[in-house]
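Chains as they are written, first to last, in my numbering: chain A, 217 to 526; chain B, 1146 to 1429.
As structure tokens, this is what we get:
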């Protein structure tokens, strides 16, 4: 996703001098070509995320479309008040990009686990929150947020995620992308767990459960009508995210469902507990530890379906 | 460090106009904090001359086109001193003076910290300290890269020199040689819970800005000629951002408010209001 992001941004920036990329002294080997080719559109703010974000707002208010870029929580939490007051309040065209959403930096430890970022960003007024599910979605997300005035948060994985979609999907901010249909349940996934959700649905098929998969590359805003149309008639919904179950996609869709006049289906949030990960391991290991690998997701779905109230 | 020399002095007539503008800022500020039952009068009074010179003689702006792309930018980072800021904007034609009665009123426009929404002339909303210099730095960097001639002025409090983000911006601005940027520190030496020397000593303040790569000029922040001369020569040094450290008095102009922390909080009511207005009326 990181590769798709920088390639797309580079292409767009070559054609639009308003686009500026500010990094917080991170992006080794990723941003070099951009920086060398477009020095007037590149800034390394140093290890100073508060200034990076205020600076970005000042540039955006002077006509630029500014991307701030760093890893995990650094471009989000260290500078949260700058995001709220300087970026969001002024509806400035600042696009915050975090590489390594969720547990991508696994063994680096809890400081590098971005597991509450969606919740925090979702609470910011004017902020759009996007977490693409594969490199194709990442490219489309970048194109979309460049066109959309105002702030956005783009949560990416790292490099090398599998491409899930067989072709570039139709991408509309707020709308789900259907990956597969299934009559028994729907897995709604955001971010890098899309591939695991698809794999989980295949495992479930072996157990006689037909589970559809929806990708939600946008967590905010949500096109309620489009989402409810996709979820209509499904008896069970499972949200899947590499994020705390507090305030992320699971919360966002629960809010939509609870305010819907329709009868509520069985609902389960699959994600991380609101806790720090104390074990050490890479992303794959930690996903398995937290039940976010295909087997773990399928296991939770089966367990929940089997223990549903009569 | 650059010394005040008296070069580039303004005419006596211009100086007199700026003096009157500063006094009108004080009048409005005292009245606004009275009717609004508002805090921070001391912080507004300490910047009356600075704002009068900036808006009355330095900024290249057109109040009828407040969003003109080539305008000079001004950022009040110490957003709590917004009574004086709203007052100078009204006095220089950005919006009607009658709006000033809105201050702090339910359903009105003028909030208790600088607010851009619905208020012409305000570039950015502030209120949380330590944000303004980064915003101003971003504006200056954009202007420099676009080859624009505009300049960016940012007025900070001394208290917000405690904020790490202020120094992040200071480091960045000199590294990028933002000679179109001028920081002005309202050094009244009193912050929210006491004297800056006792809360978190800033000294040697000029040496700190110098060490961060800025060219510094220290002035008497209530001397209109010194401020005017200082701001007429931006940048102070080629390729460097400029920092004017303005030595000021919190509560300046109202004898019983001067250098008294109480007036960071207290709203002038009743006899205090009458006494304050009488002192302002009594000035030549």
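A virtual CB, placed ideally from N, CA and C, is assigned to each residue, including glycine.
For this session: May I ask you to report which of helix, strand or coil DSSP gives residue 343 of chain A?
Result: Within the first chain, the letter at position 127 stands for residue 343 of chain A. Correct three-state label for residue 343 of chain A: coil.
Exercise. Can a CB atom of chain B be found closer than 9 Å to the CB of residue 256 of chain A?
Worked result: Counted from its first residue, the first chain places residue 256 of chain A at position 40. Taking Cβ atoms only, chain B reaches closer than 9 Å to residue 256 of chain A, which makes this a yes.
For this session: With DSSP as the reference, label residue 1388 of chain B as helix, strand or coil.
Result: Locating residue 1388 of chain B in the second chain gives position 243, counting from the first residue. Here residue 1388 of chain B sits in strand by DSSP.
Exercise. Taking DSSP as the reference, what is the three-state secondary structure of residue 363 of chain A?
Worked result: Within the first chain, numbered from 1, the residue matching residue 363 of chain A stands at position 147. The three-state reading of DSSP puts residue 363 of chain A in helix, counting H, G and I together.
Exercise. On the three-pair Cβ rule with 8 Å, is the region 461-470 of chain A touching the region 429-440 of chain A?
Worked result: The answer is yes - the region 429-440 of chain A touches the region 461-470 of chain A, with three or more Cβ pairs under 8 Å.
Problem set entry | Within the region 1290-1374 of chain B, ranges of the beta strand (DSSP E) (whole runs, at least 3 residues) | Those beta strand (DSSP E) runs which fall completely within the region 1290-1374 of chain B and span 3+ residues are 1297-1302, 1326-1332 and 1360-1365.
For this session: From the DSSP output, in three-state form, read off residue 1259 of chain B for me.
Result: In the second chain, residue 1259 of chain B corresponds to position 114, counting from 1. If DSSP states are grouped into helix, strand and coil, residue 1259 of chain B belongs with coil.
Problem set entry | Cross-chain neighbours of residue 273 of chain A in chain B, by beta carbon under 7 Å | Translated into positions along the first chain, residue 273 of chain A becomes position 57. Under the 7 Å cutoff, chain B gives 1280 and 1283.
For this session: Kindly identify the DSSP beta-bridge partner or partners of residue 260 of chain A.
Result: Reading the first chain from its first residue, position 44 is the one you call residue 260 of chain A. In DSSP, residue 260 of chain A forms a bridge with A:239.
For this session: Compare the C-beta of residue 412 of chain A with all C-beta atoms of chain B and state if any pair is closer than 9 Å.
Result: Locating residue 412 of chain A in the first chain gives position 196, where the first residue counts as 1. Chain B, which has no Cβ nearer than 9 Å to the Cβ of residue 412 of chain A, makes this no.
For this session: Compute the beta-carbon to beta-carbon distance between residue 384 of chain A and residue 346 of chain A, rounded to the nearest angstrom, for a pair I have assumed lies under 8 Å.
Result: Within the first chain, residue 384 of chain A is the residue found at index 168, counting from 1. Within the first chain, residue 346 of chain A is the residue found at index 130, counting from 1. That pair is no contact at about 16 Å.
Exercise. What did DSSP end up calling residue 1180 of chain B once you bin it into helix, strand or coil?
Worked result: Looking up residue 1180 of chain B in the second chain gives position 35. Note: residue 1180 of chain B maps to helix in three-state DSSP.
Problem set entry | Beta-bridge pairing of residue 305 of chain A - partner residues as DSSP gives them | In the first chain, counting from the first residue as 1, residue 305 of chain A sits at position 89. In the DSSP output, where bridge partners are listed per residue, residue 305 of chain A has none listed.
Problem set entry | Integer Cβ distance of residue 352 of chain A from residue 381 of chain A, believed to fall under 8 Å | Your numbering for residue 352 of chain A matches position 136 in the first chain. Your numbering for residue 381 of chain A matches position 165 in the first chain. The C-beta distance from residue 352 of chain A to residue 381 of chain A rounds to 5 Å, short enough to fall under 8 Å.
Exercise. Can we say the region 1198-1207 of chain B touches the region 1171-1178 of chain B, given the rule of at least three CB pairs closer than 8 Å?
Worked result: The region 1198-1207 of chain B makes no contact with the region 1171-1178 of chain B: fewer than 3 CB pairs, one atom from each, lie closer than 8 Å.
Exercise. Got a sec: is the Cβ-Cβ distance from residue 1214 of chain B to anything in chain A below 9 Å?
Worked result: Numbered from 1 along the second chain, position 69 holds the residue referred to as residue 1214 of chain B. It does: the Cβ of residue 1214 of chain B has a partner Cβ on chain A nearer than 9 Å.
Exercise. If you measure beta-carbon to beta-carbon, which residues of the region 296-310 of chain A are closer than 7 Å to chain B?
Worked result: For the region 296-310 of chain A, the set of positions with a beta-carbon nearer than 7 Å to some beta-carbon of chain B reads 297, 298, 301, 302, 305 and 306 in chain order.
Exercise. Can you find a C-beta in chain A that's less than 9 Å from the C-beta of residue 1243 of chain B?
Worked result: On the second chain, residue 1243 of chain B is found 98 positions in, with the first residue counted as 1. Answer no: the Cβ-Cβ gap between residue 1243 of chain B and chain A never drops below 9 Å.
Problem set entry | Of the listed residues A:412, A:452, A:408 and A:440, nearest to residue 425 of chain A (C-alpha basis) | What you label residue 425 of chain A is simply residue 209 of the first chain in a count that begins at 1. Closest option to residue 425 of chain A, judged by alpha-carbon separation, among A:412, A:452, A:408 and A:440: A:452.
Problem set entry | Limits of the alpha helix (DSSP H) - the one that residue 443 of chain A falls within | For the purposes of this step, residue 443 of chain A is taken as residue 227 along the first chain, with counting starting at 1. 440-447 is the extent of the alpha helix (DSSP H) around residue 443 of chain A.
For this session: Tell whether a beta-carbon distance below 9 Å holds between residue 1287 of chain B and residue 275 of chain A.
Result: The sequence position of residue 1287 of chain B within the second chain is 142, counting from 1. The sequence position of residue 275 of chain A within the first chain is 59, counting from 1. Contact: yes.
For this session: Provide the residue span of the beta strand (DSSP E) that contains residue 454 of chain A, from first to last.
Result: Translated into the one-based positions of the first chain, residue 454 of chain A becomes position 238. For residue 454 of chain A, the uninterrupted beta strand (DSSP E) run begins and ends at 452-460, by DSSP.
Exercise. At least one CB of chain E closer than 9 Å to the CB of residue 1290 of chain B: is that the case?
Worked result: The question asks about chain E, but that chain is absent: this structure's protein chains are A and B.
Exercise. Within 10 angstroms of its Cβ, does residue 1429 of chain B collect 16 or more other Cβ (buried), or is it exposed?
Worked result: Indexing the second chain from 1 puts residue 1429 of chain B at position 284. Residue confidence is low: residue 1429 of chain B scores 47 on pLDDT, short of 50, so the model does not pin down where it sits. Its coordinate-derived value is still stated next. Exposed: under 16 other Cβ atoms inside 10 Å.
Exercise. Does residue 1357 of chain B come within less than 9 Å of chain A when only Cβ atoms are used?
Worked result: In the second chain, counting from the first residue as 1, residue 1357 of chain B sits at position 212. So, not an interface residue.
For this session: Note down the Cα distance separating residue 1294 of chain B from residue 1218 of chain B, rounded to an integer number of angstroms.
Result: The residue you call residue 1294 of chain B lines up with position 149 of the second chain. The residue you call residue 1218 of chain B lines up with position 73 of the second chain. Whole-angstrom Cα-Cα distance: 11 Å.
Exercise. Sorted by chain position, which residues of the same chain lie with C-beta nearer than 8 Å to residue 290 of chain A's C-beta, five sequence neighbours on each side aside?
Worked result: Within the first chain, residue 290 of chain A is the residue found at index 74, counting from 1. Excluding residues within five positions, the ones whose Cβ falls inside 8 Å are 240, 242, 265 and 314.
Exercise. Does the distance from the C-beta atom of residue 254 of chain A to that of residue 283 of chain A stay below 9 Å?
Worked result: Numbered from 1 along the first chain, position 38 holds the residue referred to as residue 254 of chain A. Numbered from 1 along the first chain, position 67 holds the residue referred to as residue 283 of chain A. When the beta-carbon positions are compared, residue 254 of chain A and residue 283 of chain A stay at least 9 Å from each other.
Exercise. Hey, which unbroken runs of the beta strand (DSSP E) at 3 residues or more fall wholly within the region 1174-1244 of chain B?
Worked result: DSSP runs (the beta strand (DSSP E)) wholly in the region 1174-1244 of chain B: 1218-1221.
Problem set entry | Short CB-CB distance (under 9 Å) between residue 1396 of chain B and chain A | Residue mapping note: residue 1396 of chain B aligns to position 251 of the second chain, counting from 1. False, the Cβ-Cβ gap to chain A never drops below 9 Å.
Exercise. Among residues of its own chain, excluding the 5 on either side of residue 1338 of chain B, which ones have a beta-carbon nearer than 7 Å to its beta-carbon?
Worked result: Your numbering for residue 1338 of chain B matches position 193 in the second chain. Correct list, in chain order: 1344.
Exercise. Should residue 503 of chain A and residue 372 of chain A be called a contact, given that it needs their Cβ atoms to be closer than 9 Å?
Worked result: The residue given as residue 503 of chain A occupies position 287 in the first chain. The residue given as residue 372 of chain A occupies position 156 in the first chain. Not closer than 9 Å, so no.
Problem set entry | Sufficient close CB pairs (3 or more, under 8 Å) joining the region 1399-1416 of chain B to the region 1377-1385 of chain B | As far as the Cβ criterion goes, the region 1399-1416 of chain B does not touch the region 1377-1385 of chain B, which means the pair count is below three.
For this session: For chain A, find out if any of its Cβ atoms is closer than 9 Å to the Cβ of residue 1206 of chain B; answer yes or no.
Result: To locate residue 1206 of chain B, count along the second chain from 1; it is residue 61. So no, residue 1206 of chain B is outside the interface.
Problem set entry | Within chain B, the residues that residue 279 of chain A reaches when beta carbons sit closer than 9 Å | The residue given as residue 279 of chain A occupies position 63 in the first chain. Among the residues of chain B, those whose CB is under 9 Å from the CB of residue 279 of chain A are 1214, 1287 and 1291, following chain order.
Exercise. Mind checking if residue 262 of chain A is an interface residue toward chain B, Cβ cutoff 9 Å exclusive?
Worked result: Locating residue 262 of chain A in the first chain gives position 46, counting from the first residue. At a cut-off of 9 Å, the C-beta of residue 262 of chain A has a neighbouring C-beta in chain B.
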